[in-house]
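Please read the structure below before turning to the comments.
Number of protein chains: 2
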Amino acid sequence: MNKEKKPLILVTNDDGITAPGIKALVEVARTMGEVVIVAPDSPQSGMGHAITVNAPLRLNEGEYFDGLVNYSTSGTPVDCVKIAIDQVMHQRPDLIVSGINHGSNASTNVIYSGTMSAAVEGAVENIPSIGFSLMDHDYDADFEPSKPFVKKIIEQALSNDFPDHTCLNVNIPKASEEQIKGIQVCSQATAFWENGFDKRTDPLGKPYYWLSGYFKNHDGRPNTDLVALENKYVAVVPIHFDMTAYQHMESIKEWKL
Amino acid sequence: MNKEKKPLILVTNDDGITAPGIKALVEVARTMGEVVIVAPDSPQSGMGHAITVNAPLRLNEGEYFDGLVNYSTSGTPVDCVKIAIDQVMHQRPDLIVSGINHGSNASTNVIYSGTMSAAVEGAVENIPSIGFSLMDHDYDADFEPSKPFVKKIIEQALSNDFPDHTCLNVNIPKASEEQIKGIQVCSQATAFWENGFDKRTDPLGKPYYWLSGYFKNHDGRPNTDLVALENKYVAVVPIHFDMTAYQHMESIKEWKL
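Residue numbers (our numbering), protein chains in the order written: chain A, -15 to 241; chain B, -15 to 241.
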């Protein structure tokens, strides 16, 4: 990277452009580079890697961040990355950061998460990308203790060789800065939502169903993100998008196909 | 599997319950098991692994498939799998099949695809799951040549040990049955959409943006799904959802984190 020029950083999220989490991320990122914000105009939690293919997008110049180029879109987090590069920045950023999400995206949540899907889209584009999440779902979550860790990780991402077609899934414990013990590089834990639906009745007497559930760790390995978080470490998982289960190719080749 | 009892097969898709592709898949699946259909009430292409968390779902008993339990939902393909198991079937199916998608889900499309995300959700639940896609976007695509291959793959999935927490991404060339040379087990090619947005103006004079693009293979390896499809083979890629980039963990551990 050219040391003379400040790095160009795209900031997005899935909680929407007005969420406190993206404000915290912008506050950190703007100390380290030229920041452009393109984020959804409404909450897009759980949108996974959705893209808008059957409808057009709107792109509105925002007034959410003084002195910074900022746009909201009607699209998903992945749409935000695509339209930011093509229609707002007209160039590839040096770094994409997504978040800070209100709530965990550790473990298998990576596949459901809009925050992480924006980072994965950056990896597809071969742009260094990082998704940040704080393990606190509250709208009023305290992002202050996260900031020094976010800063350190962005600094290191900008000053080291970032692996090709990879992004980082960073989850931060809900704790004070002093309680957080450090940063660990981990693997994605194998954990799942145990889901159920609440069946309820609307005022017209018709049923509707609301997804609920809890998250359960099925992974006994010591070096997973869930173990790191439990031990009050910030968990960093390098993520790629080759989903081939290479370990099962030989057994399936033995089927009579 | 108990040979006395017909296997219980859940069928879903992302093109919606009225699409010709799911009709073709049901026609094949019902010859091999007891079939239940739970599919979106409208097209959900490009929905990726989205789930509905901020709104309730509707579940309507359908009249789309004579003599079969069939429901449409207001949710995404992943929602369909979750609500099918919890509220419709009240048990785990022996197999989940998704599709037949109108259009390719080969290579990196797996992360954008609603069809495949339904299959990945099955893998999360540790239920043998297969997503089928025909390389023809047309609503009136001819699914007849696909049927013998779909049947063979379902038969083999039911009669072999299906690997844990895995699903299959099956893509079928647009060709006659005679032109299709066979079935190959492959890895996911590294290929990307080269995206751009069409900027247009609505009748009120305001701009809107429509995603467009073309798909480009960047993978020189011989045994990828894109090569198999080019050579007129049905491509079968085993897919898992551990997205950890294990090959880059050591280099990131050397950062000053």
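Quick reminder that beta carbons are idealized off the backbone N, C-alpha and C, glycines included.
Around the Cβ of K158/B, a 10 Å sphere holds 16 or more other Cβ atoms; the residue is buried.
Look at the segment 104 to 120 of chain B: the residues with a C-beta under 7 Å from a C-beta of chain A are V104 and V108. For the segment 193 to 239 of chain B, the full-length alpha helix (DSSP H) segments reaching 4 residues or more read 209 to 214 and 233 to 237 along the chain.
At a Cβ-Cβ threshold of 8 Å, Y123/B and P27/B do not count as neighbours. Partner residues in the beta bridge of R184/A, as assigned by DSSP, are Y192/A. Apart from sequence neighbours up to five positions away, the residues of its chain that approach K183/B with a beta-carbon distance below 7 Å are P191 and Y193, ordered along the chain.
Annotated as proximal: I80/A and S113/A, with beta-carbon spacing under 8 Å.
Neighbours of Q71/B across chain A, judged by C-beta separation under 8 Å: F181, K183 and Y193.
Using a 10 angstroms sphere on the CB of E128/A, the tally of other CB atoms stays under 16, which defines it as exposed. As the crow flies, the alpha-carbon of V53/B is around 35 Å from that of K216/B. N93/A has a beta carbon lying at 8 Å or more from every beta carbon in chain B. The DSSP-derived three-state label of E18/B is strand. Counting every other CB atom within 10 Å of its CB across the protein chains shown gives E47/B a total below 16, marking it as exposed.
Per the Cβ contact rule, the segment 87 to 104 of chain B is in contact with the segment 30 to 37 of chain B (3 or more Cβ pairs under 8 Å). DSSP places E128/A outside any alpha helix (DSSP H), giving it a letter other than H or E. Shown here, G32/B sits in coil according to DSSP, grouped into three states, outside any helix or strand. Contact check for D209/B and N144/B: beta-carbon distance about 20 Å, past the 8 Å limit, so the pair fails to qualify. The way I'd put it, the segment 194 to 201 of chain A doesn't touch the segment 69 to 76 of chain A; fewer than three beta-carbon pairs between them come closer than 8 Å.
When 7 Å is used as the limit between beta carbons, M16/B is near no residue of chain A, the shortest such separation being about 15 Å.
Across the segment 31 to 54 of chain A, CB contacts with chain B closer than 9 Å involve M31, G32, H33, A34, I35, T36, V37, N38, A39, P40, L41, R42 and L43, in sequence order along the chain. According to the DSSP secondary-structure assignment, C151/B is paired through a beta bridge with S113/B and I223/B. For V20/B, there are no C-beta contacts with chain A under 7 Å, since the nearest C-beta of that chain is about 16 Å from it. Not a single CB atom of chain A sits nearer than 8 Å to the CB of H86/B. Counting only the Cα atoms, I6/A lies some 49 Å from R14/B. Here A23/A is bridged, per DSSP, to S56/A. Only exposed fits Y230/B, as fewer than 16 other CB atoms lie within 10 angstroms of its CB. One finds D226, M227 and T228 in chain B with Cβ atoms closer than 8 Å to the Cβ of Q172/A, taken in chain order. Cβ neighbours of G59/B within its own chain (closer than 6 Å, five residues either side excluded): T36 and L41. Within chain A, the C-beta atoms nearer than 8 Å to that of H232/B come from P147, T150, P222 and H224, in chain order.
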